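K.L.:
Can you read through this structure? Questions will come right after.
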Amino acid sequence: MSGQFEAVTEIDRPIEEVFAYLAEGTNDPEFSPRVQSITKEPAGPTAVGTVFRSTVKDAGMKTQRELRITELEAPSRIRWAETSKNMVTSREGGYDLEAISDGRTRVRLFNVLEGHGIGKLLEGIALGAARKDAPGFGERIKKAVEASRPA
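Have a look at this one:
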């Protein structure tokens, strides 16, 4: 069994700029307090196959995460899948970007969480926490992107 959470936010920046910020991938600690560190391999522009390795802290426990970019369509779509072996992982996730009026961008983030082994018992708790935080997560993404350069 798996479940999805999502957040939608509107950012006061053009779609190309928002896409570039999110596709960089290493900006996650600026809007996700659970991400303690993150690296990208290979270095350079993000492409299908790029791997992001991170240390995250959930419920007081640090874990190592590995996400692989599975789809990248500038400037509107980014998809990933978690390849690490943790109790609860993001089977699929992504950003959908849409240009809206006045040079603004609507961003939809989603993740499909899936429990493994004993993590199947924790999946509901993790999903509930993610859904509860989703509006705040969207707001943190908005603030981080808007702060990434002067208007």
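Last residue of the sequence shown: 1458 (my numbering), numbering continuous.
From the three backbone atoms N, C-alpha and C, an ideal C-beta is built for every residue, glycine too.
Just so it is clear, the structure is predicted and the values come from calculations on it, not from any experiment.
#1: Would you mind sorting residue 1428 into buried or exposed? The rule is 16 or more other CB atoms within 10 Å of its CB.
#2: In whole angstroms, give me the CA-to-CA distance for residue 1450 and residue 1348.
#3: List the DSSP bridge partners of residue 1420.
#4: Just the Cα atoms here: how many angstroms apart are residue 1416 and residue 1315?
#5: Assign residue 1422 to buried or exposed, taking buried as 16 or more other Cβ atoms, counted over all protein chains shown, within 10 Å of its Cβ.
#6: Secondary structure at residue 1452, three-state DSSP: helix, strand or coil?
#7: Can you have a look at residue 1325 and say buried or exposed, based on whether 16 or more other CB atoms are within 10 angstroms of its CB?
#8: For a test of the three-state rule: what should DSSP assign to residue 1338, helix, strand or coil?
#9: Helix, strand or coil for residue 1330? Go by DSSP, reduced to three states.
#10: How would you call residue 1335, buried or exposed, if buried means at least 16 neighbouring beta carbons within 10 angstroms?
#11: Buried or exposed: residue 1265, going by 16 or more other Cβ atoms within 10 Å of its Cβ?
#12: Note the first and the last residue of the continuous beta strand (DSSP E) segment covering residue 1365.
#13: What are the boundary residues of the beta strand (DSSP E) that includes residue 1376?
#14: Kindly indicate the opening and closing residues of the beta strand (DSSP E) around residue 1385.
#15: Per the DSSP calculation, residue 1403 is bridged to which residue(s)?
P.N.:
So, to answer that:
#1: Taking a 10 Å sphere around the C-beta of residue 1428, we find fewer than 16 other C-beta atoms and assign the residue as exposed.
#2: When only Cα atoms are considered, residue 1450 and residue 1348 end up about 26 Å apart.
#3: BP columns for residue 1420 point to 1310, 1397.
#4: Taking the CA atoms as reference points, residue 1416 sits about 6 Å from residue 1315.
#5: By the 10 Å Cβ count, residue 1422 comes out buried.
#6: In the structure shown, residue 1452 sits in a helix (DSSP, three-state: H, G or I).
#7: Per the 10 Å Cβ criterion, buried.
#8: Reduced to three states, the DSSP call for residue 1338 is coil.
#9: Helix at residue 1330.
#10: Residue 1335 sits buried, since 16 or more C-beta atoms from the chains shown fall within 10 Å of its C-beta.
#11: This structure cannot speak to residue 1265, because the chain is shown only from 1308 to 1458.
#12: The continuous beta strand (DSSP E) containing residue 1365 extends over residues 1358–1365.
#13: Residues 1368–1380.
#14: Residue range 1384–1389 is occupied by the beta strand (DSSP E) that includes residue 1385.
#15: DSSP, once it has assigned bridges, lists 1384, 1415 as partnering residue 1403.
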